[in-house]
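Enquirer: Going line by line, the protein sequences match chains G and U. Quick note: the first sequence uses the working numbering, first residue 1, plus one each step. Quick note: the second sequence uses the working numbering, first residue 1001, plus one each step. Where a beta carbon is used, it is the ideal one built from N, C-alpha and C, also for glycine. The following block contains the structure, expressed as structure tokens.
Protein chains: 2
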Amino acid sequence: MNATPAVTRPLAEWISSLKPSDLSDEVRAAGVRTFLNWLGCAVGGARHETVDRALAAVTLFSGPEQASVIGRTERLDVMHAALINGISSHVLDYDDTHLKTIIHPAGPVASAILAVAEHRPVSGEDFLAAQIVGVEVACRIGNAVYPDHYDRGWHITGTTGVFGAAAAVSRLLGLDAERTTWALGIAATQASGLREMFGTMCKSFHPGRAAQNGAMAAYLAEAGFDSSLRSIEAPRGFATVLSTKQDYAEILDGLGTRWEASLNSYKPYACGIVIHPTIDGCCQLRDELGADVARIESVALRTHPLVLELTGKTRPQTGLEGKFSVFHAAATALLRGDGSPTAFTDEVVRAPDIIALRDKVRAETDRSVHEDAVHITVTLTDGRRIEKSVAHAIGSLDRPLTDAELEKKFVDQSALVIGEARSRDLLAAAWTLPGLADVGSLARLSQTEAAAGRGAA
Amino acid sequence: MNATPAVTRPLAEWISSLKPSDLSDEVRAAGVRTFLNWLGCAVGGARHETVDRALAAVTLFSGPEQASVIGRTERLDVMHAALINGISSHVLDYDDTHLKTIIHPAGPVASAILAVAEHRPVSGEDFLAAQIVGVEVACRIGNAVYPDHYDRGWHITGTTGVFGAAAAVSRLLGLDAERTTWALGIAATQASGLREMFGTMCKSFHPGRAAQNGAMAAYLAEAGFDSSLRSIEAPRGFATVLSTKQDYAEILDGLGTRWEASLNSYKPYACGIVIHPTIDGCCQLRDELGADVARIESVALRTHPLVLELTGKTRPQTGLEGKFSVFHAAATALLRGDGSPTAFTDEVVRAPDIIALRDKVRAETDRSVHEDAVHITVTLTDGRRIEKSVAHAIGSLDRPLTDAELEKKFVDQSALVIGEARSRDLLAAAWTLPGLADVGSLARLSQTEAAAGRGAA
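Structure below.
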């Protein structure tokens, strides 16, 4: 019955024993980019009404003011800060993506450890190692069960993110291998998040709750709260109960030498990654068409079936729904050259010119087109046809955002929330992460003036 | 794609529109028994080390002292009180059971609403209606997916309990049908709890977290945090993602006329329900054998296969593991006539006389034996054989505990924690639930002296 070799315990041993000095410069540098992208997104999303509403509900129950709500004035207890920051970082659908699994790993992991770091001071070196380990754990568990797990309907960012958060916080608490194993078990039994929630506020709730639940798992384990020692691989463990595929080699093979955490990518557009080739191609077409954009008769997309499965909403009514409409995204890219958060507001989704063009967009599916590609044909009213093929969207591993593009993305979105001066200060500070004595200072620096002043007092 | 008729929304309409006066006296009376049994268990379990450790972890993050930790001195915010009380009420495996699904429904539901009731005062009439509705929702959703869902490895008490807690708290907050639908959605996307955790502290974590998460779902919905409107029945909703069986008629048919909440049962023994026939039979055999108990050569059990699947541990090492060993349970029943919490301590599990008899117990499975039955053959050293068949264990729907037996169970376990005088006061108060002006008073009355004095001040 227990024929499966141990998975959870060896993983926990690796989590608890890795030293920051074991990390190569390359892995560290990738980790800093992950952190910086996450922080920009968390600030950028901080004023979204999804965050307002979550805060309105939880503030009543929050404990001591231990940690900052990023990009705002409020301070909450560690767990609630992890929840809210996880929501903020994902609410614009602008965060990082582990392309092999479509996991957005930083939300659960970084939201958990930054909140903890404000309460138990952590050096940049230890923080970075914890983040990298947490991202690695989430992505490797994801590899073990993807795509079956995702196809069944699980939002893999939440279900694997809770393990990543538990692993990362276990490191910050200095848990030994046994307690880290328990923390992974307490995470496993909270793994949740349904894809049915896409297009509602609950989608960004998933990484937030994964951050909170993973962090709590580590604190419970620290207090001696025990759990299964085989929570991932047992016959009734995570991988079998939540997936038909269990490739455990993906979890353990090459730990510490082959890094999934270095395969993270950063979106240039604030929506589901499968729409990115379309936006990329439509932005290019807009530049080529010039004034002819006004003469578009029809737009034909040829895409992988997953694109329509995930983002096939033909008549989105809200900004959130717009993120799940390749038709809306094509229209905003062609008419406004925009795939940033401002392309996915309620106003833009309801704008008559956008709706008019959106309704001229058709899509056909073709399994021979890669998920990362698209073929676009624009037909003008005078009969001319312009074609555009995108083989790899900008932001993919083949065309990663440069550091300068990451910086622009950071400032473009965060300046709208905390002002450009503070945004640039925060950006500069984020690059210094590996050498910081106290990472919590970054969270406080992200806050808007009122709280930042209070935090410094 | 959306061919399934609506389930979640009609359920939410029923939840939000039912009036306490719609409940028959019989349904109310059953609800009071459910509450009383739950309260006794929550007090009885309050000093378990599982609770100590959970409290040690969460206290650091708890908000204002809004609600009582039942049977102790601490006060926590509503959400953490719901968590801890849910753990306490299940930790002795002594709580209620909806036999059709093996759901323990009161833990998630009552733990959530009693904590809320201390913060937003609630009358006994409204509280009882909320509890009955919450239990009904959890059990009906359970019926829709049981047994496939449970067989896959889900701890159904946690996965359906979160809906029950969300439904019950939605009523206390006065949410309309739309917001109640959201609350059910926020619950659905947190449905979790693996059977792999049985025998560890995480098992009782499940009803606790379900109480907390369900309550939070309702508060989030109240604040306008939206969710899917079809979280149960959508192609990627709860029932399809977490089960291969989806019998939606079980959720909606006869709502308000046929009551699952009235099919709740109460355990005479502090362990998994499938062992109860064995304990019942062995206690009867003990009475018949007298001094011959010391001459037992072997004990042969013939049971349904599920009994060994759930409780087949042959060499339990801890009290918790003892609850999952039909062999240990047979030994304590034969040697001590005990199936109460004192039969499942670390000490008793390790007692030499218990181990010696435990190792003489053998079990064979027989699908023709009902899950609620057992056939026991005791062979003595002189060759005599004594047989005992139990068709329905005490505590089952065919032999329910009387009110007097429920009272004895309440006092026996709670007096050990809060003393007999307070236990009897609390019992008397619990019977008056339907007429109480402020149900929160019961939670405060359950606390040990130090806090009770403070609460009254």
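#1: In angstroms with no decimal places, state the Cα-to-Cα distance between U/T1303 and U/D1366.
#2: Taking a Cβ distance cut-off of 8 Å, strictly less, list which residues of the region 1228-1250 of chain U are near chain G, in chain order.
#3: G/G319 versus chain C: which residues are under 9 Å apart at the beta carbon?
#4: Report the neighbours of U/I1186 on chain G: residues whose CB is nearer than 8 Å to its CB, in chain order.
#5: In this structure, how does DSSP classify U/I1386 when only helix, strand and coil are distinguished?
#6: At 7 Å on the CB atoms, spell out the chain U contacts of G/Y219, in chain order.
#7: Do you know offhand how far U/L1263's Cα is from G/R358's?
#8: Just checking: is the beta-carbon of U/S1062 within a distance shorter than 9 Å of some beta-carbon in chain G?
#9: Below 9 Å between beta carbons is the criterion; list the residues of the region 77-108 of chain G that meet it against any residue of chain U, in chain order.
#10: Just to confirm, is the Cβ distance from G/S361 to G/S298 under 9 Å?
#11: Can you name the residues of chain U whose CB is closer than 7 Å to the CB of G/A191?
#12: With DSSP as the reference, label G/W154 as helix, strand or coil.
#13: Given this structure, state the Cα-to-Cα distance separating G/F35 from U/D1052, to the nearest angstrom.
#14: Would the beta-carbon of G/I296 fall within 9 Å of that of G/V378?
#15: Less than 9 Å between the C-beta atoms of U/V1169 and U/A1217, yes or no?
#16: In whole angstroms, what is the alpha-carbon distance linking U/A1333 and U/R1286?
#17: Does G/G161 have its Cβ less than 9 Å from a Cβ in chain U?
#18: Assign G/I376 to one of three DSSP states: helix, strand, or coil.
#19: From the DSSP output, in three-state form, read off U/D1022 for me.
#20: Put U/A1452 into one of helix, strand or coil per three-state DSSP.
#21: Should U/E1250 be labelled buried (16 or more other beta-carbon atoms within 10 Å of its own) or exposed?
#22: Which residues in chain G have a C-beta closer than 7 Å to the C-beta of U/D1226? List them in chain order.
#23: Can you give me the C-alpha to C-alpha distance between G/E260 and U/L1401, rounded to a whole angstrom?
#24: Can you list, in chain order, the residues of the region 133-157 of chain G whose Cβ is nearer than 9 Å to any Cβ on chain U?
#25: Under 8 Å by Cβ, that's how I've got G/D148 and G/K245 pegged, so tell me the actual separation to the nearest angstrom.
#26: What is the DSSP secondary structure of G/R302, counted as helix, strand or coil?
#27: Considering only the beta carbon of each residue, do G/A429 and G/S441 sit closer than 9 Å?
#28: Ordered along the chain, which non-local residues of its own chain (more than five positions away) have a Cβ less than 8 Å from that of G/L306?
#29: Pull up the distance between the alpha-carbon of G/R444 and that of G/V32, whole angstroms please.
#30: I'd like to know whether the C-beta atoms of G/L194 and U/F1225 end up nearer to each other than 9 Å.
#31: Thinking C-beta only, is U/A1130 closer than 9 Å to U/F1163?
#32: Over the uninterrupted alpha helix (DSSP H) stretch that includes G/A404, give me the two end residues.
#33: To test your reading of the DSSP string, which unbroken beta strand (DSSP E) runs of 3 or more residues are found completely within the region 218-298 of chain G?
#34: Can you check whether the CB of G/G86 is closer than 9 Å to the CB of G/L76?
#35: Please report whether the beta-carbon of U/T1050 lies at a distance below 9 Å from any beta-carbon of chain G.
#36: Let me see if you follow: with CB-CB separation under 9 Å, is U/R1075 close to chain G or not?
Expert: Put simply:
#1: Working through the second sequence from its first residue, we reach residue 1303 of chain U at position 303. Working through the second sequence from its first residue, we reach residue 1366 of chain U at position 366. Each residue's CA atom was taken as its position, placing U/T1303 and U/D1366 some 6 Å apart.
#2: Of all residues in the region 1228-1250 of chain U, those with a C-beta nearer than 8 Å to a C-beta of chain G are S1228, R1230, S1231, A1234, P1235, R1236, G1237, F1238, T1240 and V1241, reading in chain order.
#3: Judged by its chain identifiers, the structure shown contains no chain C, and its protein chains are G and U.
#4: For the purposes of this step, residue 1186 of chain U is identified with residue 186 of the second sequence, where counting begins at 1. C202 and F205, listed in chain order.
#5: Walking along the second sequence from the start, residue 1386 of chain U turns up at place 386. In this structure, DSSP gives U/I1386 an extended state, which the three-state scheme calls strand.
#6: Residue 219 of chain G sits at position 219 when you count from the first residue of the first sequence. Per Cβ cutoff of 7 Å: A1057.
#7: Mapped onto the second sequence, residue 1263 of chain U falls at position 263. Mapped onto the first sequence, residue 358 of chain G falls at position 358. Those two C-alpha atoms are separated by around 54 Å.
#8: Residue mapping note: residue 1062 of chain U aligns to position 62 of the second sequence, counting from 1. Taking 9 Å as the CB threshold, U/S1062 lines the interface with chain G.
#9: So the close ones are D77, V78, M79 and H80.
#10: Counting from one through the first sequence, the residue named residue 361 of chain G turns up at place 361. Counting from one through the first sequence, the residue named residue 298 of chain G turns up at place 298. In the sequence on display, residue 361 of chain G carries Val and not Ser. G/V361 is a Cβ neighbour of G/S298, given a cutoff of 9 Å.
#11: The residue labelled residue 191 of chain G in the question sits at position 191 within the first sequence. Contact annotation for G/A191 against chain U: S1192 [CB-CB distance below 7 Å, chain order].
#12: The residue given as residue 154 of chain G occupies position 154 in the first sequence. For G/W154, the three-state secondary structure derived from DSSP is strand.
#13: Translated into positions along the first sequence, residue 35 of chain G becomes position 35. Translated into positions along the second sequence, residue 1052 of chain U becomes position 52. Here the C-alpha atom of G/F35 lies approximately 36 Å from the C-alpha atom of U/D1052.
#14: Against the first sequence, residue 296 of chain G aligns to sequence position 296. Against the first sequence, residue 378 of chain G aligns to sequence position 378. Contact annotation: G/I296 and G/V378 have beta-carbon atoms nearer than 9 Å.
#15: Indexing the second sequence from 1 puts residue 1169 of chain U at position 169. Indexing the second sequence from 1 puts residue 1217 of chain U at position 217. The beta carbons of U/V1169 and U/A1217 sit closer together than 9 Å.
#16: Working through the second sequence from its first residue, we reach residue 1333 of chain U at position 333. Working through the second sequence from its first residue, we reach residue 1286 of chain U at position 286. Those two C-alpha atoms are separated by around 7 Å.
#17: Working through the first sequence from its first residue, we reach residue 161 of chain G at position 161. With 9 Å as the cut-off, G/G161 does not count as an interface residue toward chain U.
#18: Residue numbering aside, residue 376 of chain G sits at position 376 when the first sequence is read from its first letter. Assignment of G/I376 by DSSP, reduced to helix, strand and coil, places it in the strand class.
#19: Start at 1 with the first residue of the second sequence, and residue 1022 of chain U comes out as number 22. U/D1022: helix per DSSP, three-state reduction.
#20: For the purposes of this step, residue 1452 of chain U is identified with residue 452 of the second sequence, where counting begins at 1. Note that U/A1452 has pLDDT 41, beneath the 50 cutoff, so the model's placement of it is unreliable and the number below is only indicative. Note: U/A1452 maps to helix in three-state DSSP.
#21: Locating residue 1250 of chain U in the second sequence gives position 250, where the first residue counts as 1. U/E1250 should be labelled buried.
#22: Indexing the second sequence from 1 puts residue 1226 of chain U at position 226. For a Cβ distance threshold of 7 Å, residue set T200 and M201 of chain G lies close to U/D1226, ordered along the chain.
#23: Residue mapping note: residue 260 of chain G aligns to position 260 of the first sequence, counting from 1. Residue mapping note: residue 1401 of chain U aligns to position 401 of the second sequence, counting from 1. Going from the Cα of G/E260 to the Cα of U/L1401 covers about 57 Å.
#24: Listed by position, the residues of the region 133-157 of chain G near chain U (Cβ gap below 9 Å) are R152, G153, W154 and H155.
#25: The residue you call residue 148 of chain G lines up with position 148 of the first sequence. The residue you call residue 245 of chain G lines up with position 245 of the first sequence. Taking the Cβ atoms as the reference, G/D148 lies roughly 4 Å from G/K245, within the contact range of under 8 Å.
#26: By 1-based counting over the first sequence, the position of residue 302 of chain G is 302. DSSP places G/R302 in the strand class (E or B) of the three-state scheme.
#27: Working through the first sequence from its first residue, we reach residue 429 of chain G at position 429. Working through the first sequence from its first residue, we reach residue 441 of chain G at position 441. The answer is yes: Cβ separation under 9 Å.
#28: Here residue 306 of chain G corresponds to residue number 306 of the first sequence, with the count starting at 1. Once the five neighbours on either side are set aside, the close Cβ partners of G/L306 are V274 and E371.
#29: The sequence position of residue 444 of chain G within the first sequence is 444, counting from 1. The sequence position of residue 32 of chain G within the first sequence is 32, counting from 1. Each residue's CA atom was taken as its position, placing G/R444 and G/V32 some 18 Å apart.
#30: If you number the first sequence from 1, residue 194 of chain G lands on position 194. If you number the second sequence from 1, residue 1225 of chain U lands on position 225. Result no, Cβ atoms of G/L194 and U/F1225 do not sit closer than 9 Å.
#31: As a position in the second sequence, residue 1163 of chain U is number 163, starting the count at 1. As a position in the second sequence, residue 1130 of chain U is number 130, starting the count at 1. In this structure, U/A1130 does not lie closer than 9 Å to U/F1163 by Cβ.
#32: By 1-based counting over the first sequence, the position of residue 404 of chain G is 404. Counting along the chain, the alpha helix (DSSP H) containing G/A404 begins and ends at D403 to I418.
#33: If we require 3 residues or more, the beta strand (DSSP E) runs fully inside the region 218-298 of chain G come out as 264-266.
#34: Counting from 1 along the first sequence, the entry for residue 76 of chain G is found at position 76. Counting from 1 along the first sequence, the entry for residue 86 of chain G is found at position 86. In this structure, G/G86 does not lie closer than 9 Å to G/L76 by Cβ.
#35: If you number the second sequence from 1, residue 1050 of chain U lands on position 50. Yes, U/T1050 counts as interfacial toward chain G.
#36: Taking the second sequence and counting its residues from 1, the one referred to as residue 1075 of chain U is at position 75. It does not: the Cβ of U/R1075 has no partner Cβ on chain G nearer than 9 Å.
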